[in-house]
Amino acid sequence: MIRIEARGSQSLAWKIGLPIISAILALILAAIPLTLAGAPILDSYAQMFSGVFGSKFAFSEMLTRATPLIFTGLAAALAFRGKLWNIGAEGQLYLGAMAAAAIGTGVFDVSGMILIPTIILFGCAAGAFGMIVPATLKIRFGADEVVTTLLLNFIIIIFLQYMLEGPLKDPMGLGWPQSSPILDQGMLPKVMDRMRIHYGLIIALLCAAFAQFMLVRSVWGFKLRAVGENMNAARHAGIPVNRSLLMVAALSGALAGLAGVSEVAGLKGYLTADLSPGFGYTGIVVAMLAGLSPAGVVIAALFIASVFVGADSMSRAMGVSSYLADLVVATALLCVLLGGFLSRYKIITGVSQSGGK
Amino acid sequence: MFDILQILLSESFWSASLRIATPLIFGVLGALLCEKSGVLNLGIEGIFVAGAMVGWMAVWLGAGLWGAVLAAALAGALFGLLHGILTVPLGLSQHVSGLAITLFASSLSYFSYRTALPTVSSPPRIGPFQPLDIPILSDLPFIGPVLFQQTALTFLALFCVFLVWYVLNKTALGVAIKAVGDNPNSVDAQGLSVYGLRIGAVMAGSALMALGGAFLTMSAFDAFFFGMVNGRGWICIALVIFASWRPGKALLGAILFGAFDALQVRLQTEVGAFVPSQVFLAAPYILSIFALVIAARRAEYPRALLTPWFKGQR
Amino acid sequence: MNSNKVLSLKNLSKTFGSVKANENVSLDLHRGEILALLGENGAGKTTLMNMLFGHYMPDSGRIEVADDAGHFSDLVLGHPQAAIAAGIGMVHQHFTLAENLDAVDNIMLGAEPLTRMRRNRHEAEKKINALMENSGLSTPLDVPAGRLTVGERQRVEILKALYRNVRILVLDEPTAVLTPQEADTLFENIATMAAEGLAVIFISHKLREVLAFSHRIAVLRLGKNVGEMATSEADEQKIARMMVGSETSLPIRQAATTGAPVLHLEALSVVGRGRRDSLKAVNLTVLGGEILGIAGVSGNGQAALAGVLSGMMTPEAGKIILNNEEVSQIDPAQMIAKGVGRIPEDRHRDGIIGSMSVAENMIIEGVDGHRFQKNGLLKRENITEHAKALSVEYDVRGPGIAAPAQLLSGGNIQKLILARVFDKKPLLILANQPTRGLDMGAAADVARRLIEARSRGAGIVLISEDLDEILRLADRILVIHDGEFAETHTRDRAELGLLMAGQAA
C-alpha cells in the first residue's frame, strides 16, 4: 500500500537543499555513462573538477559560460512563474543577437556610450517581440504557447540562416555565413585582462538581483505570482491577467534577447548560426534547478556552466563524448523534478492490514 | 499555376507526400493516445531521436530490420514509462517532465551514438527497408506507384491508424482510456486503475513516437544524423490539436502536411530563383503554427489533460 | 430482523494527519432498508462510506457483507473491486461520469474486462432498458453524459450501480442538486427498489427528506456514531441536537428597512457556457438593505448572473446600473471599484490563491490602493497589520497569516474571503453558494455576516441551490429557470419547486 500525502509547508532548508542534492546526484549518476564509455571514473571526475577550478582562466571560462545561462534562466524562471510556458528562449536569444549584429556592425558609427545602450535596447526589443507574438496568439486564439514557441525556435533559426547568407552577411567573411564584426566601441568591455569574461556577466547579475527584488517586493511581482499560481482567482480579484501575461512575456523575451546580445557584443564579436549550443533550452533546466527563483538562477547557472566547461575539458582529455554534459544536465532536471516532488509530498508505505482485529 | 496542377497530379508527388507523412502519422497517433488518457507528452521530440538511434543502432549491430523496429518501440515505451511515473502517480508538471524526457532521451541517444562510434567522420549506413513490390498491385495505375513504392513501415503506420481507432472506439480498454482522460474519478469509482491506464497509454503512445523516429533512420534515410528529427515531434503536438484527437483526422492532417512539404520542395525548384530557399524551409513550422491557431479555439481538449489525479483525493 | 442483515461495519477508524475522521464506527444495514446517515459537514459520513467502498483503507476495524445466501464474510478492505464484487454500489456526491462518453459506455465502464476486444453494447442496452423499466429511472442512452441534465446524470450513476447487480446502494447527498419534485421522484424510485430488497444508505443533512423517506436514522458527530433510531421515533429537534451536540441558534432574520435601489439590471442578456445557462433579457432590482434570494436548480443561468455581477462575464445586451450609475465596462476590477463585494461559488478556484499567504490573499483585491503600496512597492508592514486585524475581527483560524491559504479549512477559507469582501463595506454583495460545504457553525457565521451587512444597508444577491437557506435568509425570492426570473411571494416549498422546474405555479 503506497499513499502520497502533502506536507504542510516546505522549510527553507528543503527548498535550498534539494536542488543541491539533485545536482550532486546527477553528477554521481554520470558515473554510469562514464563506465559504459570505458573511462576511468575518478580520473574523469578529477579532470572535470580541474577543468573548472584548476586555474584562474578555467574559472573565468566557467563564468563566461554562465553568463548567457543566467539570462535564459531568468527568462524561463519569470515566464514560468506566471505559468507562461516560454520554451522559445533559444529563438529569442537569436533575435536579440540579430538585432545586436544589425545595429552594432556599422549602421550607426557613434560613440560607445550611445552605441552599447542602443544595441542592448534593440536586442531586448527583438527578444521581447519574439515572446509577445506567441503570448498574443495564446491570449487571442488560445494557441498553446509551448508548441508555438518551440516551432518559432525553428523558424527563427531558419530566418537567421537567411540573414547570415543575405542582409547580415560579412562581405569580408570569405563566404562564411557570418555577420560583420561588431564595431570596437560597440563591444561590452572585458571585466579582466586576458580573460573572456565581459560586462554581460555584470548585467546578468544586476538583472537577477532586480528580478528577485521585483518579484518579492513589488506590486508587479505580487500580481505576476497571483496570475501564475491561480489565474482564475487572480482574474476574479481584478488583476488584469492578460496584461500581466503580456508584460511577463515581454520581459522574458527581452532577457533571452539579452543573452544573444551578450554573446555577440560581449564574447564573440560577430554573429554565426552556431552562436548558442542550446542556451535557451538549458535555461529551462537552470530555472527549474533554481526553483524559479531569480537569485537561485545565478547559482544554478554557475553549476550548469561548470558541468559544461568541466565536461568539455574532461572529454578532451579522456576521449569521452562531450554529450555527457547534456546528459548530466538532463539528469539533473529529472532529479530536481523528483526532489521537488519529495519536498512537497511524502510517500507513505505500509503493509495493508485487511481487517485487523 | 499550371505547374502546380501538374505537380498535384503526379504520382511521385503523392508518393513523396505519404513518405513524408509517415513519421508524422506515428507521432500524431502516439501523442493522441497519451493525450486521450490525460497526459501531455512533450518527450516526443526526444523519443523520436531515441527511436531513430535505437532502430539504426540495432540494425548496425546486426539485428534484423523488424527486430530493430521492436527495439525502437521498446526504447520508446521505456521513456514513456519514465514520463508516466513522473506525471501520473507523482503528478509532476507534464510540461517540465516532458521537456526533461526530451533532453534526457536525445542527449542519451547522442552520447550512446558517439560512444559507440567515436571516430567516424561520415555516418555509417545500414540496409534500410525497401519499397514493397507487390505483383499486380504495384502495376496499378496511379495507386500502384503511390502506395506500393512505400516501405513496410508506411503500411505499419496506416495499420496503426486503424488499430488506434479500433481500440479507442470498439474495445473496453479504449473506452476506459477515453474515460480516464475525461474524468479519472469515473474510472476509479469502477475499481479500475487510473495510474495503470494512464501509464499504459503513455507507454504505448511513446512506443508509436519511437517508431516515427525509427522510420527516419530505417526507411527515409539509412543513417543516423544529429538533429535529424528537427522539430517533427513538436509538429505532431500541433497536429494532434488540429486533428481534434481523432485517428482518422490525424492521418488526414499528417498527409496534408506531407503534401504541403512535398509541394514546397517541388516549388522550390520552380521558383527558387526568386524566393529564398529559407521561405520553403520554414513553411512546415509556420504551417503548424497556423494550424494550431485555427484549431485552438474550437479544440475540445480531453477534460483531464494536464490535471494530475491522486488516489483518495476527490 | 437479524437474518435480514446484509452489511455490518465493525469499529471502523480512520485518521487523516491529526484529524480523527472516524472513530470506532459500527453500523448495520438490513435487506430492504433505507438508512439515512446524518451529520454535519466534517462529521465523517463521506469518509465512512469511502471506506465501505474501498476508496479509503481503514486504520482499524472490519466490514462484513452477506452473500446471496445470507452467509457473512469479511470484505477485503481498500479495494473498490472487492466492494463492487460484494454487491456494494456508490453514487458519489460529485458525479463520476466521463462526460465524453454516453450513458451506455459509462454504465459498461469497468463492468466488462478490459481485455475484451469486442464489446457487446447491444446486450448491455437491453439490460439497461430493463433496469430503467423496473426502477423508474429513465435517461437518454446515446447522448454524451456532458449534455445530460443533472437529474439525468444522477440516474445514470444509479443505473451504473444497478447494472452491477448491487444489493447495497450508497447515495452521497443525492438531492443536493435536485428540485424538490425531482428529489421526491428519486425517493419514490428508491422506495420501489428497496421494496424489492435493495438496501440503501443515503447521506444527507436535509432533515425534512430524512424524516419523510428513511426507515432508520444514524447520526455521526465528530467521527463517532452518536445514535441510531427508527425514523418513526425521530423529530427535527431531536436529530438536530444529536448532530450538533448542543443547540445552535440559527440567526433569525428580522424585517428589514429597505433603502434606495443599489442594482438595476435592464434587459440583460448573457450567453453562458451551456445552452440553458444563459440570461435572457432579464430585469432585476436590488434595494439596499434587502437580501434577494435567487432559487433554482444549478445550470439555469446562475453562473451567468454571478459571472456578470462579479465582472467575469460580459453581457451581450442590456444595462447594469449600480447606485444609479451605468457600468459601461464590465470587468472584475470595475465591479470592485464600484463597490460590489463578490463571494465566489468555487472558493478554491476563484476565491483564494492557495499557495500565497493568508495576508496576501486578504489584500489581493486592493493591492493597488495607497494603503498597501507606494510607488509600486508593497508596504509589507501595513499588509501584515491589516491581516492581523482582519483575522481577529473575522475569526480566521489557521497556522498564521504568513502560511499559505490552502492550509486553512474550508470554513476558514470562507471567513478569509468574507473578511476581504466585507472589510470594504460594499454596497452590493454577490453571495454565490456562500455556505456550501461548510459545517453548521461556519454556515451560521456566514449567515450572520450577511444579515449584518444587510442591516448596514447593503443589498445582497444570494444565489443558492439550498431552498432551505433561501427561505431562511432571503427577504425576497426570485426563482431562476432557463435564464429567466420568476418573482414570487410564496414561501411554499412545493410551489417554489414547480417554479424551479419551469412550471408556472
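The listed protein sequences derive, respectively, from chains W, R and C.
So for the first sequence, the numbering used here puts the first residue at 1; every next one is plus one.
So for the second sequence, the numbering used here puts the first residue at 358; every next one is plus one.
So for the third sequence, the numbering used here puts the first residue at 672; every next one is plus one.
Virtual Cβ for every residue (Gly too), placed ideally from N, Cα, C.
What you are looking at is a predicted structure, and each value in this text was computed from that prediction instead of being measured.
DSSP bridge partner residues for C:Asn-693 (one or two, in chain order): C:Lys-685
Minimum Cβ-Cβ distance from W:Asp-184 to chain R less than 8 Å: no
Test item: CB-CB of W:Thr-51 and W:Leu-152 under 8 Å: According to the sequence displayed, residue 51 of chain W carries Gly and not Thr. No, Cβ-Cβ distance for W:Gly-51 and W:Leu-152 is not below 8 Å.
Contact list for the segment 427 to 454 of chain R against chain W, Cβ threshold 9 Å: Leu-439, Leu-443, Pro-446, Leu-447, Gly-448, Leu-449, Ser-450, His-452, Val-453 and Ser-454
Rounded straight-line distance, which links the Cα of C:Ile-1024 to that of C:Gln-908: 40 Å
Nearest-angstrom Cβ-Cβ length linking W:Gly-291 and W:Pro-19, presumed shorter than 8 Å: 6 Å
Cβ pair count under 8 Å reaching 3, the segment 613 to 620 of chain R against the segment 457 to 476 of chain R: no
When C:Asp-776, C:Asn-805 and C:Glu-996 are compared against C:Glu-794, the one with the closest alpha-carbon: C:Asp-776
Separation of R:Ile-534 from R:Leu-525, as counted between CA atoms: 7 Å
Proximity test, Cβ basis, 8 Å: R:Ala-595 and chain W: yes
W:Phe-279 at chain R interface by Cβ criterion, 8 Å: no
Proximal residues of chain C, C-beta to C-beta of R:Ala-533 below 8 Å: Leu-780, Gly-781 and Leu-785
Where C:Leu-768 meets chain R, residues with beta-carbon distance less than 8 Å: Asn-540 and Ser-543
Where C:Glu-996 sits in the DSSP three-state scheme: strand
Local conformation of C:Ser-1208 per DSSP, three classes: Absent from the structure is residue 1208 of chain C, since the part of chain C shown begins at 672 and ends at 1176.
Local Cβ density within 10 Å of W:Trp-120, reported as buried at 16 or more and exposed below that: Per the sequence presented here, residue 120 of chain W reads as Ile, with Trp not at that position. Classification for W:Ile-120: buried.
Opposing strand residues paired with C:Glu-1155 [DSSP bridges]: C:His-1152
Test: R:Gln-625 CB closer than 8 Å to a CB of chain C: no
Cβ-Cβ distance between R:Ser-454 and W:Leu-337 below 8 Å: yes
Within the segment 539 to 581 of chain R, ranges of the alpha helix (DSSP H) (whole runs, at least 4 residues): 541 to 546 and 551 to 572
Segment contact flag, the segment 1092 to 1106 of chain C with the segment 1125 to 1132 of chain C, C-beta cutoff 8 Å, min 3 pairs: yes
Within 8 Å of chain C by C-beta, residues of the segment 520 to 532 of chain R in sequence order: Lys-527, Thr-528, Ala-529, Leu-530 and Val-532
Range covered by the beta strand (DSSP E) that runs through C:Arg-935: Here the sequence assigns His to residue 935 of chain C, which means Arg is not the residue at that position. Segment 932 to 941, the beta strand (DSSP E) holding C:His-935.
Neighbour flag for C:Arg-790 against chain R, beta carbons, 8 Å: yes
is_contact[C:Glu-844, chain B] using C-beta, thresh 8 Å: Chain labels in this structure do not include chain B; the protein chains are W, R and C.
CB contact flag (C:Ala-756, C:Val-827, <8 Å): no
Inter-residue CB distance, R:Val-521 and R:Leu-389 (contact presumed, cutoff 8 Å): 7 Å
Residue-level contact to chain W via CB, R:Trp-666, 8 Å cutoff: no
Inter-residue CB distance, W:Gln-178 and W:Leu-271 (contact presumed, cutoff 8 Å): 7 Å
C:Leu-636, enclosing alpha helix (DSSP H) - first and last residue: Because chain C spans 672 through 1176 in this model, residue 636 of chain C falls outside it and cannot be assessed.
Cα-Cα separation between R:Ser-601 and C:Ala-901, rounded to whole angstroms: 55 Å
C:Ser-1135 in three-state terms, based on DSSP: strand
C:Glu-1036 at chain W interface by Cβ criterion, 8 Å: yes
Through-space distance from W:Met-288 to W:Thr-181, alpha-carbon basis: The residue asked about is misnamed: residue 181 of chain W is Pro in this sequence, not Thr. Approximately 35 Å between the Cα atoms of the pair.
Contacting positions in the segment 317 to 332 of chain W - beta carbon closer than 9 Å to chain R: Gly-319, Val-320, Ser-321, Ser-322, Tyr-323, Leu-324, Ala-325, Asp-326, Leu-327, Val-328, Val-329, Ala-330 and Thr-331
C:Gly-982 versus R:Thr-664: straight-line alpha-carbon distance, rounded: 27 Å
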